[in-house]
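Let me begin by presenting the structure, written as structure tokens, before commenting on it.
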Amino acid sequence: MQKNEVKKPNESMLSRMVRHQMFIPVLALVILAVFNLIADPAFFKITVGQNSSGNMVLQGFLISILNDGSELAILAIGMTLVTAASGGQDISVGAAVAIAGSVLLRILGGGNSRPEELAAPIIVAFLVSCLVAMLFGAFNGVLVAYFKIQPMIATLILYTAGRSIAAWINNNELPVITDPSLGYYGGFIPGVPIPTPFFIAAICVAIIFLVLKFTNLGLYTQSVGINENSAKLNGLNPQVIKVITYVIMGLCVAVVGLIKVSRISTINYSTIAKDIEMDAILAVALGGNALSGGKFNMAASIFGAYVIQFLTSTLYKFKVSSDALPAYKAVVVIVLVVISAPTVKEWFGNVTKKFKVKEVA
Amino acid sequence: MSNNKTKASGSFVDKFNNLTDTNLLLTITVVIFFLMYIGAIIFQGGGFLKPQGFFNLLNANAALIVLACGLSIVMITGGIDISVGGVTALVSMCCAVYLDHMGGNVFVSVLIALAVGLAFGAFQGLLVAYLDIQPFIVTLAGMFFARGMTTIVNTKPFNVANEAFTKLKMTRVIIPGMGSANRKGDYIDAYVEIGVIIAILVVIVLFCLLRWTKLGRSFYAVGGNRQSALMLGINVKRTRFLSHVLCGLLAGIGGYVYFLHVGSGSPSHALGAEMDAIASSIIGGTMLTGGVGNIAGTFFGVMSLGTIQNIVSQAGLGEAWWIGITRALMLCLFLVIQSLVMVRKKKA
Amino acid sequence: MKDNIVLQMKNIHKSFPGVRALQGVDFTLRKGEVHALMGENGAGKSTLIKVLTGVYSKDEGDIFLDGKEGPVAIHSPQDAQKIGISTVYQEITLCPNLSVAENMFIGRTSGIGQNWRKMNSDTEKILKSLDIPATATQQLETCSLAVQQMIAIARAVDMDCKVLILDEPTSSLDEQEVEKLFKLMRDLRSKGVGIVFVTHFLDQVYEICDRITVMRDGQLVGEFEIEKLPRVQLVSKMLGKELDDMSDIKGEQKAYERKAGSVPVLEAQGRVSDAGIKPFDFHIDKGEVNGFTGLLGSGRSECVRALFAADRVTGGTIKMNGKPVKISKPLDAMKNGIAYLPEDRKGDGIVGDLSVRENIILAQQVLKGFFKPFSKAKQYEIADEYIKLLSIKTASADTPIKSLSGGNQQKVILARWLFTHPEYLILDEPTRGIDVGTKVDIQKLVLKLASEGMSVTFISSELDEMLRTCSRLVVMRDRKVVGELSGDDLNQSKVMSTIAGGDK
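Quick note, the sequences are listed as chains X, L and S, same order. Counted from 1, the first sequence has number 137 at position 137 by my numbering; the numbering is strictly sequential. Counted from 1, the second sequence has number 1196 at position 196 by my numbering; the numbering is strictly sequential. Counted from 1, the third sequence has number 2370 at position 370 by my numbering; the numbering is strictly sequential.
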């Protein structure tokens, strides 16, 4: 009989640290930070300046990381759950953000592309856009859970159609909202020097942690993702749980839609949240979560999202154009998946074992 | 298990049940294409009436045919490749820069296209087949890498002014006897571009490859059941690797065909082409689960998608979003059909 | 080597970490015979076959093959095929999407091209010569399972195999299909092929086999001519009890007696699922321990799965304490106080990456509802309680369950279901693949639970265990309930003869 795994007392502090799930994202952050520190310490400078609407706000690369990374962090929440339960990723989030944003603008403008005043309170528009985004999420979820289509292929449908649907909702017009209150969500609330998206993200993070603490969402999604048969025999309905994760993803998408639209008070259907799915997937992977589903660590994913944004900002700092960014990130993805591939791990394990044997001998 | 299948009877239903998956899905596609095209001729007329309308459909979709063929092969083998659109853009850009800025040779530009495609195919195939990483993630990264590299090679779109290339681009292959008179009454010959000839050659070669070679049949075997294929003595890893290499090569060829058609380099070239290629392949009867598919079907899949697009725009719904939505609807429809075919078989 | 011997395995040893799977096993196969390889789970049959086909490498021993000088070396299934040893597995290892002809020839021929005409005509010839009802161009999937098996066999035969191993080929076939398969086997036998037949169906063994080799606990029990080994003796050899010492060991359980007027905790009538069992009736009283017995594949697991609605239920009624209830999915069963510890611990039981703690609370947590999670503190309290109660050996409550030993994993699953405080507990092979100490613990626990008023259904491949714990046994053969034994009938010889059935 196999001996139980007992914590080896001689296990070094270092190796335990290395095996911790936060190790890779923290290491990545440290490398990036050190790199920036050497290249140009001004990266870390935070100043107080006046923004376009005359508020005194904090400025600097770090602030913009907090600002832009927040959208990613919110999406990472949904992506983590979807990945855990269905063992695949939702690649339609960018397109879905366009839909959510478009719905928001449609309600706010009331069908008028240059409305003088808001046709509906922002909260109403936001709730409607939440509903729509959740419906599209449910559509993805049903394809995955009931039609048993691989998640990435199922979400491909919305990925293809999403931006077209978004344009169709507003008759391909680009409503511009002049009301300054819309700008608060993606910019600054007067008198508060910290960007609002950070607060929104903080609220979302707080909510998801409360949900994970006070409901069984975590236990259920992980059980379904790890062993669907077993989950079923324990009375769970794997299909319903998968759909729920996609609906939650839809909710996250709606929040990001609000922020995105608020930033520019209008929308650009083909560029809004472009390629954001890649970053969200990357955040999940960087957080050490298996892309094949199962056990997840929400905090690591969210932290991963900010690290990804740190990487993006660093690349911007070095004058990498936004169109060229994906090439660099693709390299990061490949490195991540290669080092976490089972065959590579096995090979690596064998090498270290041999090394240790030699050491003993 | 039921033994009703062994009962011999020549009824239509039995013949239907005995149809192989490949042929069943192919039949559905071909029937839908012809119904659509004939319907369009009857109800919409216009461009559909003249043979040149059909050839224009070919001209516009030649590159997509080649890309979709590549995707069919990886999908038959049970994989997926979503980098082909990005590779197409990268190939166009590399060739454009080489021909225009460096005044290069047309023949070498073809080699560049093939090399870029092969490099992508080989690297992705290596990761997928030998390191056993999910093909979707690998090729998603491939897609982003190719897109990013395209901008790194050159940020701005531009037209290629290279004499030899322009000559090749403008070459038209006349189809005898299919011409028609224009408004003035002059007889205009029907023609196709060079790219169409390449695409049709690719379709024929791949059709033969899949049907009459060991490698082709191994693709089907591996896609049908990887474990069984291994037990039957097939080198599964090599087969999966080769499927990606072939797909990469075809992305290179397709990229060049695309480049020949548009004659320019731009980072926004072939946006979403991978989705169109996957959709065409699925519409053409390639099963996402692998093991089922046919290059002829893929050809008709591309043509169906093109026809739908023409119908939508001729019906006065010219706005871009209608095309996007109809395509997605069609993809969704065929995915559901496949899902239902699977259910039917499980019950049978 | 004698002329008629085609394969000889001598003194084969094979160990896995902590397990001696084969200990000096001999096996001899003659030309033109069907040779049954019998044994209960863990007897070492499949290990022996995997050694023979090169999936595992042996630690010790030699394999001799007719026509080859000296011992042969087999390192892979391909090696085995090359020297004429072919295997047809229980799960069909052909490609369902290819045609019959392709499945016959793919991966075997050289060259680049595929000559369809020659392949099809060759295939037609083979199909005809073996009388297989299929056409060369048919897609494999459209053939019935039996025909698919036959095609797999035809492929093997066409590869000039001298030794054909059939690993449970009949487990998913119906009677007519089995008949067709047997006809093919007889044909091959008359052509001089040596066939190794692994099965759990006794009737089939006596119908087609010439010889039987029985294994138990990784050791050879013996090789017997079929005529000289009556069924009851075969069963006793497989289970490891000589007929002589079947001194009717009675368990500590009292004889089962139905109290007049008492209402059974659970009563099922005509219950049937889509897993291929015949409808069955069943009932269990408060505090009773009963069991389903029968050889592997007899349908004993499928019956309890049908009670719990683990498979799709297709008919029958269930009454709990006299009240009719609807149990169409596992959650229904759980709400009615039924708990089910599945047979396939790894596939259906544990949630590998989750901790011991989470695995213990899972079922009760689902019952309690989505919005009412146990607090962390409570979870640890529960986990610690059950870890202590069942003496689960784990580093901590947070250790992932997959890193525990099999026995301890089983205890965790047991804890999971005990924590739901069920009225009726179903244990399907709770003692499989775990150490003796744990086995005894589990048996004791079952009796203790019963004495506290819980009803328990206990399934085990080991008859000893069943007799020691159960006061009534439902006997199954070939997916049907064939008898029910209690009281004085509850002894080894009676159980075995009921399992064996027939007149021998």
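Think of the CB as a built atom: it goes at the ideal place given N, C-alpha and C, for glycine as much as any other residue.
| Query | Result |
| --- | --- |
| Hey, is S1092 (chain L)'s beta-carbon within less than 9 Å of any beta-carbon in chain X? | no |
| Measure from the alpha carbon of S2403 (chain S) to the alpha carbon of each residue in S:I2350, S:V2205, S:D2384, then state which is nearest. | S:I2350 |
| How is A201 (chain X) classed by DSSP in three states: helix, strand or coil? | helix |
| For the 8 Å Cβ check, are there 3 or more pairs between the region 233-249 of chain X and the region 310-323 of chain X? | no |
| For G78 (chain X), report the span of its alpha helix (DSSP H) as first-last. | 61-86 |
| Please confirm whether Y1130 (chain L) has its beta-carbon closer than 9 Å to some beta-carbon of chain X. | yes |
| With a threshold of 7 Å on Cβ separation, who are the neighbours of N2004 (chain S) within its own chain once the five nearest residues in sequence on each side are excluded? | R2030, K2031 |
| Which class does M1178 (chain L) belong to by DSSP, given the choice of helix, strand or coil? | strand |
| Which parts of the region 2413-2472 of chain S are runs of the alpha helix (DSSP H), unbroken and 4 residues or longer, counting only runs that do not cross its ends? | 2436-2451, 2463-2469 |
| Less than 9 Å between the C-beta atoms of L2389 (chain S) and A2415 (chain S), yes or no? | yes |
| Taking P2342 (chain S) as the query, report the chain X residues whose CB atoms sit under 7 Å from its CB, ordered along the chain. | L233 |
| Going by DSSP in three states, D2245 (chain S) sits in which element: helix, strand or coil? | Because D2245 (chain S) sits at a pLDDT of 44, beneath the cut-off of 50, its placement in the model cannot be relied upon, and the following sentence gives the value as read from the coordinates. Reduced to three states, the DSSP call for D2245 (chain S) is coil. |
| Find the residues of chain S that neighbour M1075 (chain L), judging by a C-beta separation of less than 7 Å, and give them in chain order. | Neighbours of M1075 (chain L) on chain S: none; closest Cβ ~13 Å, over 7 Å. |
| Out of X:V192, X:T215, X:I91, X:V128, state which residue places its alpha-carbon closest to the alpha-carbon of L291 (chain X). | X:I91 |
| Check the C-beta distance from K329 (chain X) over to L282 (chain X) and give it rounded, since I have them as a contact under 8 Å. | 6 Å |
| Under a three-way DSSP split, which group does T343 (chain X) fall into? | helix |
| Could you pull out every unbroken alpha helix (DSSP H) segment of at least 4 residues lying fully inside the region 1207-1278 of chain L, listed in chain order? | 1214-1224, 1226-1231, 1236-1262 |
| Report back the beta-carbon spacing between A2101 (chain S) and M2119 (chain S) to the nearest angstrom; my notes put them in contact at under 8 Å. | 5 Å |
| Name, please, each residue of chain L whose Cβ falls closer than 8 Å to the Cβ of C2209 (chain S). | Residues of chain L passing the Cβ test: none, with the nearest at roughly 24 Å. |
| Would you check if the region 1249-1263 of chain L and the region 1187-1198 of chain L touch, i.e. whether three or more CB-CB distances between them fall below 8 Å? | yes |
| Tell me the DSSP secondary structure of S2273 (chain S) in three-state form. | strand |
| Pair every Cβ in the region 243-261 of chain X with every Cβ in the region 69-78 of chain X, then say whether three or more of these pairs are closer than 8 Å. | yes |
| Determine the closest residue to E2484 (chain S) out of S:F2064, S:T2213, S:T2399, S:R2300, with distance taken between C-alpha atoms. | S:R2300 |
| List the residues of chain X whose Cβ lies closer than 7 Å to the Cβ of A2310 (chain S), in chain order. | L233 |
| In whole angstroms, what separates the C-alpha of E2179 (chain S) from that of D2167 (chain S)? | 17 Å |
| Taking the alpha-carbon positions, what's the D2122 (chain S) to T2109 (chain S) distance? | 13 Å |
| Kindly indicate the opening and closing residues of the beta strand (DSSP E) around L2166 (chain S). | 2163-2167 |
| Give the straight-line distance between the Cα atoms of V1091 (chain L) and A1161 (chain L), rounded to the nearest whole angstrom. | 17 Å |
| Going by other Cβ atoms of all chains shown within 10 Å of its Cβ, with 16 needed for buried, is A167 (chain X) buried or exposed? | buried |
| Excluding sequence positions up to five away, which residues of its chain have a Cβ less than 7 Å from the Cβ of R2477 (chain S)? | G2294, S2298, I2499, G2501 |
| Are at least three pairs of beta-carbons, each pair with one atom in the region 165-180 of chain X and one in the region 221-232 of chain X, less than 8 Å apart? | no |
| Report yes if the C-beta distance between G1255 (chain L) and V1087 (chain L) is below 9 Å; otherwise report no. | yes |
| In chain L, which residues lie less than 9 Å from F318 (chain X) when you measure between Cβ atoms? | Per Cβ cutoff of 9 Å: no residues; F318 (chain X) is ~13 Å from chain L at best. |
| With H, G and I counted as helix, E and B as strand and the rest as coil, what does DSSP make of K1167 (chain L)? | helix |
| Taking 9 Å as the threshold (C-beta atoms), are L2022 (chain S) and I2212 (chain S) in contact? | no |
| Step through the CB atoms of chain L and report whether any lies within less than 9 Å of the CB of Q21 (chain X). | no |
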